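Written below as structure tokens is the structure these notes are about.
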Amino acid sequence: RPETVHGSRTKNILKEYELKTEQKPILVGIAVGNKIGTGKARIIKDISRINDFIPGEVLITKMTDPDWVPILRQAAAIITDEGGRTSHAAIVAREFGIPAIVGTRTATSALKTGQDLTVDCSSGQGLVFEGKIDFEIKTYDLEKIPELKTKVMVNIGTPQSAFKNSFLPASGVGLARTEFILAEKIKIHPLALYHFNDLKNLKASEEEISKIQELTIGYENKKEYFIDELAEGIAQIASAFWPRPVIVRLSDLKTNEYKALIGGRLFEPDEANPMIGFRGASRYYDEKFLPAFKMECRALKKAREEFGLNNIWIMVPFCRTPDEGKKIIQLMESNGLEKGKDGLKVIVMAEIPSNVILADQFLEIFDGFSIGSNDLTQLVLGIDRDSSFLAKIGDERNQAVKEMISMVIKKCQAKQKYVGICGDAPSSFSEFTEFLIKEGIESISVSPDVLIKTIIDIANIEKER
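Structure representation (structure tokens):
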């Protein structure tokens, strides 16, 4: 199963990993990516113990969230008890090109810290072996990248990964996530910055206030810290890929993720199911959260206008109704982000059944759709995407999900609007990519490690048609 690396704009290399062993695996789970990793096990059951982690170890934990990112990028491999192919650990592992096995159910109890492990994702199934087993890497040099009718774009999660991945032959960035910028770079809840002078009255602890002061040194107006850091993070991605389009998704942290930011507990409600809770578009016009959204708009305006990066598109996540869509467009316009001005395209994610059923109405408001197949799958099939128990029921290849996707593509084609996909399915299943090409999708955005393989797959599919 292939993986992509690159040395320069002209050199594209495909790597295939292969493990040859008669040994039986000691643990099985859902494979993420297609690499093999070896290292000593480190079980960390609680975020407070992440300083115990030594770079190059195999991280074993129950589940991860954005707070774990600093050590995830240093791991030789990741193994979790919980989660599915689109859980946080899976998305981050794909982004950093690290082999991961999720949904093992028993990793934290079955494995021991210090144990030598081999983590194998090369066969499509996640297999954990005891000991360090030798593996082979076959390298293919691909000098000529085929011309395609379908655009192949890349998903980028961190500003740091943008430059090295900009040398890939991608048509642009189909999904630039802002979550990592918020959790890793900014680290502070936007409302804690907005209400900084009032934090004592809001019952903030001395520790929270001093942490904020420490991070925002040199900023008298704490709001400016948020705007500058977010604008710089987005600009780092957009400038690396200039002049190719970079589709920036507006903030889509869930309440539990916002709560984990410094000062977050002061502003976030407790939710039983944050995945379908107070997230996406519903936040932006909410009276309490509105100041944070205005700051986000200012950051995007700064990246587009002050830094001159008008290759930035904006994507609205989790927009439940056309009315919400209209509100967001108006709000953005009143904060300096006018759809159509200086080529600004604003698209919406198709990730809720209502987006598909009312696609015609959404397309009157937005410039097109990007299909978020991760959330669309869980909401069409009623499956919690973080549940390892339910993963076997179905994924994006399920007929109901495919019919929903087919409907969106047809509606966009009829109205001559943009339609792409930025969910993880094309990175994982080549037969799903074939389905998308046959339906006539305009662009497919995948994780960097499978970009070259996806281009080759698409070239073969297009040749046969």
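Mapping of the sequence shown onto this note's numbering: residues 11 to 475, in sequence order.
Glycine included, every Cβ here is placed at the ideal spot set by N, Cα and C.
All of these numbers come straight from a predicted model, not from anything done at the bench.
Bounds of the beta strand (DSSP E) holding F379 are G378 to I381.
In terms of CA proximity to G378, I419 leads the group E413, I419 and F299. As DSSP reads the structure, T128 sits in a beta bridge with T48 and F139. The bridge partners DSSP lists for I111 are A41 and I89. Scanning its chain for C-beta atoms nearer than 8 Å, with the 5 sequence neighbours on each side dropped, one finds around T265 the residues E278, P279, D280, E281, P284, G287, F288 and R289, in chain order. Distances from the CA of E234 to each of I111, R308 and K50 were compared; the closest alpha carbon is that of R308. With respect to the 7 Å criterion, G124 and I198 are not classified as neighbours on the basis of their beta carbons. If you keep only unbroken beta strand (DSSP E) runs of at least 3 residues inside the segment 284–356, you get 322–326. Under the criterion of beta carbons closer than 8 Å, A250 and L319 do not qualify as touching, at roughly 10 Å. DSSP assignment within the segment 170–236 yields the following whole alpha helix (DSSP H) runs of 4 residues or more, N-terminal first: 200–204 and 216–225. Around the CB of N175, 16 or more other CB atoms lie within 10 Å, so the residue is classed as buried. Below 8 Å, enough C-beta pairs join the segment 159–175 and the segment 446–466 to call them touching: three or more.
DSSP lists F145 as the bridge partner or partners of L29.
Remark: C-beta atoms of T74 and H98 approach each other more closely than 7 Å. Distance check between V112 and each of G430, K122, L127 and Q135 places Q135 closest, using alpha-carbon atoms only.
When the Cα atoms are used, S220 and Y295 turn out to be separated by approximately 30 Å.
In the same chain as T96, and ignoring 5 residues on each side of it, the C-beta atoms closer than 7 Å to its own belong to N384, R395 and D434, in chain order. Cβ atoms of M325 and P363 stay farther apart than 8 Å, at about 19 Å.
Excluding residues up to 5 positions away in sequence, L319 and N321 lie with their Cβ nearer than 8 Å to the Cβ of W252 in the same chain. For I196, the closest alpha carbon among the candidates I155, N211 and L240 is that of L240.
L192 is the residue among L192, N231, K30 and S292 whose C-alpha sits nearest the C-alpha of K269.
In the structure shown, L386 falls within a helical segment according to DSSP collapsed to helix, strand and coil. Between E315 and the set F303, K351 and C329, the nearest pair of CA atoms involves K351. In the same chain as E105, and ignoring 5 residues on each side of it, the C-beta atoms closer than 6 Å to its own belong to G167, in chain order.
Rounded to whole angstroms, I46 and E28 show a C-alpha spacing of 8 Å.
Taking a 10 Å sphere around the C-beta of N61, we find fewer than 16 other C-beta atoms and assign the residue as exposed.
Positions of the beta strand (DSSP E) runs, each at least 3 residues long and wholly inside the segment 431–463, are given as 453–456 in order along the chain. In this chain, the alpha helix (DSSP H) harbouring I415 covers Q409 to A424.
In the three-state reduction of the DSSP assignment, I70 falls in the strand class, which pools E and B. Shown here, L240 sits in a helix according to DSSP, grouped into three states. Residues G290, A291, G335, I338, V358, M359, I362, N365 and F372 of the same chain have their beta carbon placed closer than 8 Å to that of C329, with the five preceding and five following residues left out of the count. The three-state reading of DSSP puts R395 in coil, since its state is none of H, G, I, E or B.
For N365, there is no enclosing beta strand (DSSP E); the residue is part of the alpha helix (DSSP H) that begins and ends at P363 to I367. Apart from the 5 residues on each side of it in sequence, I36 sits with its Cβ closer than 6 Å to the Cβ of V138 and E140 in its chain, given in chain order.
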